[in-house]
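According to the numbering used here, the sequence shown is numbered sequentially starting from 3.
Note that CB positions come from ideal geometry on N, CA and C, so glycine has one too.
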Amino acid sequence: TAARRNDCDVLILARGGGSLEDLWSFNEEIVARAVHRCTIPLVSGIGHETDFTIADFVADVRAPTPSAAAELVAPDAAEWLRKLYACEGRVVQCASRRVGQLAERTAWLEKRLAQQHPGLRLAQRMQRLDELELRLQRACYAAIGRYSERLRECAAWLARLSPGPRIAQQQKLLSVLATRLGGHARRNMEAQRSRLATIVRALNAMSPLATLERGYAIVSGRDGAILRDASRMTPGEEISARLAKGRLKAIVSNVIEGEK
Numbered sequence: 003t004a005a006r007r008n009d010c011d012v013l014i015l016a017r018g019g020g021s022l023e024d025l026w027s028f029n030e031e032i033v034a035r036a037v038h039r040c041t042i043p044l045v046s047g048i049g050h051e052t053d054f055t056i057a058d059f060v061a062d063v064r065a066p067t068p069s070a071a072a073e074l075v076a077p078d079a080a081e082w083l084r085k086l087y088a089c090e091g092r093v094v095q096c097a098s099r100r101v102g103q104l105a106e107r108t109a110w111l112e113k114r115l116a117q118q119h120p121g122l123r124l125a126q127r128m129q130r131l132d133e134l135e136l137r138l139q140r141a142c143y144a145a146i147g148r149y150s151e152r153l154r155e156c157a158a159w160l161a162r163l164s165p166g167p168r169i170a171q172q173q174k175l176l177s178v179l180a181t182r183l184g185g186h187a188r189r190n191m192e193a194q195r196s197r198l199a200t201i202v203r204a205l206n207a208m209s210p211l212a213t214l215e216r217g218y219a220i221v222s223g224r225d226g227a228i229l230r231d232a233s234r235m236t237p238g239e240e241i242s243a244r245l246a247k248g249r250l251k252a253i254v255s256n257v258i259e260g261e262k
């Protein structure tokens, strides 16, 4: 039976109008029990609107006529179509909104990545170091100029005193001071250059390109995602390895898990 096959969402028990004798079979106990045992929702539509049978009272829903039973079971196509169009509109609206959000997120991430790129940060640090070196040179030149002016003033003062030995002594002292000043300036310049070289080496060591120069590689899958776990790959898959110079395309022949 249809109830045993369980291939319907709802069943209709129907018969057209007739005499009481014609409809009497729907008053039989065996029919009423069968309707009661049915696990599928059952709508009765027996006879005319004024006809009542025991099967009508046992059924889940009673319709006055067979055609009315069909109308109860069959959905309104126009209503379902309207709901479908409404759902479609909501889906399109949600999808458009989500695409817009993802586009904004992507643009924001691209901007952040551009700002945090190692090459850009290295260039900014190099520019800062150049500015500091220029300021240091200017400060040294200014200090040398001040000391030179002071030395000239001292020489003029000594010339006015004009004692020969004292002048010679002061000239010797001035020569020593000039030598010490020049040495101090050179040492400062060398120290700043050494510091600049140390900072440049540290920045280069932090760069991913420097890591590649030491023999490492950046391995990514076919979709471009960087691989960190060998267990995510299977033999036969294609991978790409970025080296310090160029790229390699390879096919996975074996996956060894657990090694560090």
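Does the distance from the CB of Glu-81 to the CB of Thr-67 come in under 8 Å?
no
Under three-state DSSP, which class holds Leu-25?
helix
Alpha-carbon spacing of Ser-98 relative to Asp-225, whole angstroms
25 Å
Neighbour-count burial assignment, Thr-55, 16 or more Cβ in a 10 Å radius
buried
In chain order, which alpha helix (DSSP H) runs of at least 4 residues are fully inside the stretch 67-100?
Along the stretch 67-100, the alpha helix (DSSP H) occurs as fully enclosed runs of 4 or more residues at 68-75, listed in sequence order.
Note the first and the last residue of the continuous alpha helix (DSSP H) segment covering Arg-39.
31-39
Go ahead and label Gly-121 buried or exposed: buried means 16 or more other beta carbons lie within 10 angstroms of its beta carbon, across all protein chains shown.
So Gly-121 ends up on the exposed side.
Does DSSP put Ala-16 in a helix, in a strand, or in coil?
DSSP places Ala-16 in strand when its eight states are reduced to three.
If Leu-15 and Ala-61 are in contact, beta carbons under 8 Å, what's the gap, nearest whole angstrom?
6 Å
How long is the line joining the alpha carbons of Arg-168 and Asp-132, rounded to whole angstroms?
45 Å
How do the stretch 191-211 and the stretch 108-116 stand: do at least 3 beta-carbon pairs fall below 8 Å, yes or no?
no
With a 10 Å radius around its C-beta and 16 neighbouring C-beta atoms as the bar for buried, classify Leu-13 as buried or exposed.
buried
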